[in-house]
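Input: a single structure, listed below in structure tokens.
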Amino acid sequence: MLRLGVNIDHVATVRQARGADEPDPIWAAVEAELGGADSITFHLREDRRHINDRDALLLKHTVACKLNMEMSVEPEIVKIALELKPEQCTLVPERREELTTEGGLDVVRWRKRVAPVVRRLKAAGIEVSAFIEPIEVQIAAAAECRFDAIEIWTGGYAHARSEAAATRELDRLASAIDCGHDHGLTVHAGHGLTYRNVHAVAAIPGWCEFNIGHSIVARSVFVGMRDAVREMKRLLRRGERAQPACGEPA
Ligand code: PXP
Numbered sequence: 015m016l017r018l019g020v021n022i023d024h025v026a027t028v029r030q031a032r033g034a035d036e037p038d039p040i041w042a043a044v045e046a047e048l049g050g051a052d053s054i055t056f057h058l059r060e061d062r063r064h065i066n067d068r069d070a071l072l073l074k075h076t077v078a079c080k081l082n083m084e085m086s087v088e089p090e091i092v093k094i095a096l097e098l099k100p101e102q103c104t105l106v107p108e109r110r111e112e113l114t115t116e117g118g119l120d121v122v123r124w125r126k127r128v129a130p131v132v133r134r135l136k137a138a139g140i141e142v143s144a145f146i147e148p149i150e151v152q153i154a155a156a157a158e159c160r161f162d163a164i165e166i167w168t169g170g171y172a173h174a175r176s177e178a179a180a181t182r183e184l185d186r187l188a189s190a191i192d193c194g195h196d197h198g199l200t201v202h203a204g205h206g207l208t209y210r211n212v213h214a215v216a217a218i219p220g221w222c223e224f225n226i227g228h229s230i231v232a233r234s235v236f237v238g239m240r241d242a243v244r245e246m247k248r249l250l251r252r253g254e255r256a257q258p259a260c261g262e263p264a
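Below is the structure:
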């Protein structure tokens, strides 16, 4: 069954907009779990623009499902991850001027910096995932660096401007899943997925987990986090039911 990781960073973004103590991302994580989230995802950025060290520690103590920490390979952040020991760490690129993570980590380019971080996190018993674009050489490099999993950047599909472009991107995602499996990697998906566009992605067989943030937090403003998560889970199940049966052409 497709798993849903709920990214709660944007709850902290609203809190930080006023430098206040609400809304609390810890509370959001509890509500997301009650709505059926299979994991809670947060990104401890170097500039602490949303999630801060207090949040990370409290999430570690309160989240009952899987905790997934998105992080750069900066030594300060790696040290925190090794102390915190979330169930999973997802290595992402990080640029201070970006609004959100804008693309995948270039594992080919940064292999020498990335591989030792993967080794240290795995030695601490943490599952390690690489957030990468659906490109074969990046997937192969992730396998060489001994990641357990890859999270494929779905932004290319989410930002496609025509149906033809969206179809091309969906084909790229399907090939990336096959390539990941060929390399023995678990394959997740994330970025830009919404209530409107998630169906076609969930209908591709082979995914393990989707990480979705902005769209769920946006909807939670109107319907509450629990219902927002429930609805996304329902869409994932519906997508899964639309997957071609084994041996049937996609
Ligand atoms: N996965 C990763 C690795 C991300 O960096 C992000 C963005 O924070 C997401 C998933 C969630 O993306 P979105 O907020 O567009 O759903």
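Under my numbering, the letters of the sequence shown match residues 15 to 264, in that order.
Using N, Cα and C, we set each Cβ at its ideal position, and we do this for glycine too.
Can you find a heavy atom of the ligand PLP that lies under 7 Å from the Cβ of Leu207?
Judged by which ligands are present, the ligand PLP is missing from the structure shown, whose ligands are the ligand PXP.
Would you mind stating whether Ala2 and Leu199 have Cβ atoms separated by less than 8 Å?
No answer is possible for residue 2: the residues shown for the chain start at 15 and end at 264.
For the ligand PXP, is there any heavy atom lying closer than 7 Å to the beta carbon of Ile166?
Ile166 Cβ: outside cutoff for every heavy atom of the ligand PXP.
Considering Gln30, what are the terminal residues of the alpha helix (DSSP H) in which it resides?
Per DSSP, Gln30 is one residue of the alpha helix (DSSP H) stretching across Asp23 to Arg32.
Beta-carbon proximity of Leu48 to Lys74, cut-off 8 Å
Against a cut-off of 8 Å, the Cβ pair of Lys74 and Leu48 comes out as no contact.
Buried or exposed for Met83, going by 16 or more other Cβ atoms inside 10 Å?
In the assembly as shown, Met83 is a buried residue. Its beta-carbon has 16 or more other beta-carbons within 10 Å.
If you draw a straight line from the C-alpha of Arg251 to the C-alpha of His64, how long is it?
CA-to-CA, the gap between Arg251 and His64 works out to about 31 Å.
Terminal residues of the continuous beta strand (DSSP E) containing Glu116?
Segment: none, Glu116 is in no beta strand (DSSP E) and carries neither H nor E.
What beta strand (DSSP E) runs, 3 residues minimum, are completely inside the segment 64–108?
Unbroken beta strand (DSSP E) runs of no fewer than 3 residues, entirely contained in the segment 64–108, are found at 80–85 and 102–105, following chain order.
contact_flag[the segment 167–187, the segment 130–144] where n(CB pairs < 8 Å) is 3 or more:
Not touching, per the Cβ criterion.
Using C-beta distances below 8 Å, list every residue in its chain close to Asp52, excluding the 5 sequence neighbours before and after it, in chain order.
Excluding positions up to five away in sequence, the list reads Arg17, Leu18, Gly19, Cys79, Lys80 and Glu223.
For Ala156, count neighbouring Cβ atoms within 10 angstroms of its own Cβ and tell me buried if that reaches 16, exposed if not.
Counting C-beta atoms within 10 angstroms of its own C-beta, Ala156 has 16 or more neighbours from the protein chains shown and is therefore classed as buried.
Take Arg59 as the anchor and find which of Ala26, Val243 and Ala31 has the nearest alpha-carbon.
If you compare the alpha carbons of Ala26, Val243 and Ala31 with that of Arg59, the shortest gap goes to Ala26.
Trp124 in three-state terms, based on DSSP:
Reduced to three states, the DSSP call for Trp124 is helix.
When we look at the beta-carbon of Thr55 and count the other beta-carbons within 10 Å, is it buried (16 or more) or exposed?
Within 10 angstroms of the beta-carbon of Thr55 lie 16 or more other beta-carbons, which makes it buried.
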